[in-house]
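Novice: Pasting a structure below so you can have a look.
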Amino acid sequence: MMESNADKADEQPVFAAELFPYRSLGRKGFKVLLLLTGAVCGLYGMFFVATGAWPIGFFFGLDFLLLYGAFWLNYRSGRAREEVTVSRTDISVRKFAPSGRMIEHHFNPFWTRFFVRRHQEIGILSMYISGEGRGTDIGSFLNPDDRESFAKAFKGALATVKQRI
Numbered sequence: 013m014m015e016s017n018a019d020k021a022d023e024q025p026v027f028a029a030e031l032f033p034y035r036s037l038g039r040k041g042f043k044v045l046l047l048l049t050g051a052v053c054g055l056y057g058m059f060f061v062a063t064g065a066w067p068i069g070f071f072f073g074l075d076f077l078l079l080y081g082a083f084w085l086n087y088r089s090g091r092a093r094e095e096v097t098v099s100r101t102d103i104s105v106r107k108f109a110p111s112g113r114m115i116e117h118h119f120n121p122f123w124t125r126f127f128v129r130r131h132q133e134i135g136i137l138s139m140y141i142s143g144e145g146r147g148t149d150i151g152s153f154l155n156p157d158d159r160e161s162f163a164k165a166f167k168g169a170l171a172t173v174k175q176r177i
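Quick note on the working numbering: the sequence shown kicks off at 13 and runs consecutively.
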């Protein structure tokens, strides 16, 4: 069976976005920070061990390990992402966990509602898609400015799809 051009046009995405968490410190900055912190902790740690206060030297090493662990967890959580696609026949939300596990949600655009919860001073607090008894949140890890721009673009795409009957 052959697909017609109209069927292919219905499947073409009107909107596609890949959402990922913002990280203010890049990999190079992370390495520089660890190098400087390691040098300072090592220098002071050795000083205290040499003067006989070895427990303080131990705690300098522990501080460095805790800092490294905190950044490792932060960068690991930064691997989370979401792919949102809107076509005339489908809204697809693919959520990728830091572990690589993927969960996919599909919605009919004509039955889908997009909810935005706002705070007067902060802006958008959360975004949620629901339809046909199912729902999912979107962009929970985005900063307020990114949430605003995504919400505006997504609402526009949803309105465009619903307009073309």
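The C-beta atom is built at its ideal place from N, Cα and C for all residues, glycine as well.
(1) Within 10 angstroms of the Cβ of M13, are there 16 or more other Cβ atoms? Answer buried if so, exposed if not.
(2) Please confirm whether A169 and F27 have their CB atoms less than 8 angstroms apart.
(3) In chain order, which continuous runs of the beta strand (DSSP E) of length 3 or greater are located wholly inside the segment 118 to 148?
(4) My guess is that C53 and G73 are in contact by the Cβ rule of under 8 angstroms, so how many angstroms apart are they, rounded?
(5) Report yes if the C-beta distance between V105 and H117 is below 8 angstroms; otherwise report no.
(6) Please list the terminal residues of the continuous beta strand (DSSP E) segment that includes L31.
(7) Under DSSP, the beta strand (DSSP E) around R93 begins and ends at which residues?
(8) Out of L137, H131, T124, A92, state which residue places its alpha-carbon closest to the alpha-carbon of G145.
(9) So the beta strand (DSSP E) R106 belongs to, where does it begin and stop?
(10) Please work out which residues of its chain come closer than 7 angstroms, Cβ to Cβ, to N214, disregarding the five sequence neighbours upstream and downstream, and give them in chain order.
Specialist: Short version:
(1) To locate residue 13, count along the sequence shown from 1; it is residue 1. The pLDDT assigned to M13 is 46, lower than 50, so where the model puts this residue is not dependable, and the model offers no usable value.
(2) Taking the first residue of the sequence shown as 1, we reach residue 169 at position 157. Taking the first residue of the sequence shown as 1, we reach residue 27 at position 15. A169 places its beta carbon less than 8 angstroms from that of F27.
(3) Runs of the beta strand (DSSP E) inside the segment 118 to 148: 125 to 131, 135 to 143.
(4) In the sequence shown, residue 53 corresponds to position 41, counting from 1. In the sequence shown, residue 73 corresponds to position 61, counting from 1. Indeed they touch by this definition, with Cβ atoms about 7 angstroms apart.
(5) As a first step, residue 105 must be located in the sequence shown, where it is residue number 93. As a first step, residue 117 must be located in the sequence shown, where it is residue number 105. Yes, Cβ-Cβ distance for V105 and H117 is below 8 angstroms.
(6) Position 19 of the sequence shown, counted from the first residue, corresponds to residue 31. Run containing L31: 25 to 31, per the beta strand (DSSP E) assignment.
(7) Here residue 93 corresponds to residue number 81 of the sequence shown, with the count starting at 1. In the DSSP assignment, R93 falls within the beta strand (DSSP E) that extends over 93 to 99.
(8) Walking along the sequence shown from the start, residue 145 turns up at place 133. Proximity to G145 across L137, H131, T124, A92 peaks at T124, based on C-alpha coordinates.
(9) In the sequence shown, the residue the question calls residue 106 occupies position 94. First-last of the beta strand (DSSP E) with R106: 103 to 108.
(10) What is shown of the chain runs 13 to 177, which leaves residue 214 out entirely.
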